[in-house]
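Residues 1113 to 1307 (this note's numbering) make up the sequence shown, in order. The beta carbon of each residue, even a glycine, is placed where N, CA and C say it ideally should be. Bear in mind the structure is a predicted one, so any value in this text is a computation, not a measurement. Read through the structure below, which is laid out as structure tokens, and then see the notes.
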Amino acid sequence: MKNLKYYLSTILFLTLIISCSKESITVADTVDEVAEEPDAVNEEEVITTLTITLTPTSGSTTVVTLKTQDLDGDGPNAPEVTVSGNLTAGAVYAGDMEFLNELESPAEDITEEIEEEDLDHQVFYTLAGLDATVEYANNDSAGNPLGTEFTLTANTASSGSLTFTLIHEPTKPNTGLGDAGGSVDIEAPFDITIE
């Protein structure tokens, strides 16, 4: 009889505990709860449009705008590239960049994201055949070049190209595009004339 009371009270106690449970727990649930969430992946930015405004600070009064727009991304159509005019020999220009994702409506200003995540980005400038110099005018939070702002000095009359390359997660500091590593967010060549 003693054992019967013990067994009945144990069964009653277990029934009470099981019935009060809000949900049943399985091994799969426990494994899911224990598994760590993977780190969030910060994907590269989608950039369809790059507009560069060259505002003269000396030697000229004409603002020059460089623009590349690729609304089909990796699709079959080449980007539309425009240069609003020629640079003036001897002039100095303040350069400012705007990166947009025009696949979104309204267009998403990616420039803000690049500048907020400045340690993960750097713009590089590559000159070919053009007698000009380009210098960084802004830095990231660690004091390394960012490059969304720059100074361009147009030296003597010449023609050539100026390519802007935005690198995602470059090695910093670096000596240039050759050892920057990372991946290309956008590469935009422009044919330029200095007269």
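Three-state secondary structure assigned by DSSP to residue 1298: Translated into positions along the sequence shown, residue 1298 becomes position 186. In the structure shown, residue 1298 sits in a strand (DSSP, three-state: E or B).
Based on DSSP bridge pairs, tell me the residues matched to residue 1221. Along the sequence shown, one-based indexing puts residue 1221 at 109. DSSP, once it has assigned bridges, lists 1212 as partnering residue 1221.
Distance check for residue 1218 and residue 1266, CA to CA, integer angstroms please. On the sequence shown, residue 1266 is found 154 positions in, with the first residue counted as 1. On the sequence shown, residue 1218 is found 106 positions in, with the first residue counted as 1. Distance between the alpha carbons of residue 1266 and residue 1218: 36 Å.
Since I believe residue 1220 is in contact with residue 1212 (beta carbons under 8 Å), could you give me their beta-carbon distance rounded to a whole number of angstroms? Start at 1 with the first residue of the sequence shown, and residue 1212 comes out as number 100. Start at 1 with the first residue of the sequence shown, and residue 1220 comes out as number 108. Confirmed, Cβ separation roughly 7 Å.
Starting from residue 1284, trace the beta strand (DSSP E) both ways and give me its first and last residue. Position 172 of the sequence shown holds residue 1284. Counting along the chain, no beta strand (DSSP E) covers residue 1284, and no H or E run does either.
Taking 7 Å as the limit between beta carbons, can you name the residues of its chain near residue 1366, skipping five residues before and five after? Any answer about residue 1366 is impossible in this case: the structure gives the chain only from 1113 up to 1307.
C-alpha distance - residue 1222 paired with residue 1233, whole-angstrom precision: As a working note, residue 1222 is residue 110 in the sequence shown. As a working note, residue 1233 is residue 121 in the sequence shown. Computed Cα separation, rounded: 12 Å.
Might you give, ordered along the chain, the residues of its own chain that have their beta carbon closer than 7 Å to the beta carbon of residue 1288, omitting 5 neighbours on each side? Position 176 of the sequence shown, counted from the first residue, corresponds to residue 1288. The beta carbon of residue 1288 sits closer than 7 Å to those of 1236, all from its chain and outside the five residues before and after it, given in chain order.
For residue 1275 and residue 1307, the rounded distance between their alpha carbons: Translated into the one-based positions of the sequence shown, residue 1307 becomes position 195. Translated into the one-based positions of the sequence shown, residue 1275 becomes position 163. So the two alpha carbons sit approximately 19 Å from each other.
Throw me the rounded Cβ distance for the residue 1298 and residue 1278 pair, which I believe falls under 8 Å. Taking the first residue of the sequence shown as 1, we reach residue 1298 at position 186. Taking the first residue of the sequence shown as 1, we reach residue 1278 at position 166. At roughly 5 Å, the Cβ-Cβ gap stays under 8 Å, so residue 1298 and residue 1278 are in contact.
For residue 1231, name the three-state secondary structure that DSSP assigns. Stepping through the sequence shown from its first residue, residue 1231 is reached at position 119. Three-state DSSP puts residue 1231 in a helix.
Is there a Cβ of chain D sitting closer than 8 Å to that of residue 1239, yes or no? No chain D appears in the structure shown, which is made up of a single protein chain.
Tell me whether the beta-carbon of residue 1197 lies closer than 8 Å to the beta-carbon of residue 1171. Counting from 1 along the sequence shown, the entry for residue 1197 is found at position 85. Counting from 1 along the sequence shown, the entry for residue 1171 is found at position 59. No, the Cβ-Cβ distance between residue 1197 and residue 1171 is not below 8 Å.
Just curious, the beta strand (DSSP E) that residue 1244 is in, first and last residue? Position 132 of the sequence shown, counting from 1, holds the residue named residue 1244. Run containing residue 1244: 1244 to 1248, per the beta strand (DSSP E) assignment.
Could you pull the start and end residues of the beta strand (DSSP E) that residue 1164 belongs to? Residue 1164 sits at position 52 when you count from the first residue of the sequence shown. Start and end: 1161 to 1170.
For residue 1244, the nearest candidate out of 1268, 1254, 1228 (CA to CA): Start at 1 with the first residue of the sequence shown, and residue 1244 comes out as number 132. Nearest of 1268, 1254, 1228 to residue 1244, Cα basis: 1268.
CB-CB under 6 Å to residue 1175, same chain, minus the five flanking residues each way: which ones, in chain order? For the purposes of this step, residue 1175 is identified with residue 63 of the sequence shown, where counting begins at 1. Once the five neighbours on either side are set aside, the close Cβ partners of residue 1175 are 1167.
For a quick check, are the C-beta atoms of residue 1285 and residue 1256 less than 8 Å apart? Counting from one through the sequence shown, the residue named residue 1285 turns up at place 173. Counting from one through the sequence shown, the residue named residue 1256 turns up at place 144. Closer than 8 Å, so yes.
The beta strand (DSSP E) that contains residue 1193, what's its start and end? One-based indexing of the sequence shown puts residue 1193 at position 81. Taken as a continuous stretch (DSSP letters only), the beta strand (DSSP E) holding residue 1193 covers 1192 to 1195.
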